[in-house]
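Read through the structure below, which is laid out as C-alpha cells, and then see the notes.
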Amino acid sequence: MVFEVKLSDAAKKHRKELDEDIRELVDEAIDDIKEEGLNHENAGFLSDQRFSDTALYRYKLVEDKANHRIIFDFIEGKTIRIFDLGHRDWIYDE
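So this is what it looks like as C-alpha cells:
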C-alpha cells in the first residue's frame, strides 16, 4: 500500500535545518514510510502523545551518522501526517 505523506510546518522547518547528508537519510526514511507504513521494521507505536490526542508512531532512523526520529500518525486511512522530525535527544526533549 502506498500512503500519501503530509509534513507539518514544524517538520518542514526542521527538515530544512538538517545537514544535507542527514536530510537525504530522512527523505529515504519518509519514502520507506510511504511504501510500508507500520510494516517497516523501524516503525512502531509511540506512547508519548504530546504532539496529538491520537495514537502516534515513530520511525527510528539509526545510521552511523544519524540517530533521528520521525513522529507521525495516520489520518483518513491512506494519509500519514508527519508531526516533526529531528535528532533523538532533541525530539524527545522538546
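Per the numbering used here, the very first residue in the sequence shown carries number 2; after that it's consecutive.
Just so it is clear, CB atoms sit at the ideal spot from N, CA and C, and this is done for glycine as well.
Predicted, not measured: the structure shown is a model, and the values here were computed from it.
Check                                                                                                                       : Outcome
Pairwise C-alpha distance: residue 29 and residue 22                                                                        : 11 Å
Residues of its chain near residue 12, where Cβ-Cβ distance is below 6 Å and the 5 sequence neighbours each way are ignored : 83, 85 and 86
Distance between residue 9 and residue 78 (C-alpha atoms, nearest Å)                                                        : 18 Å
Which of helix, strand or coil DSSP assigns to residue 42                                                                   : coil
Span of the alpha helix (DSSP H), counted from its first residue to its last, around residue 27                             : 21-37
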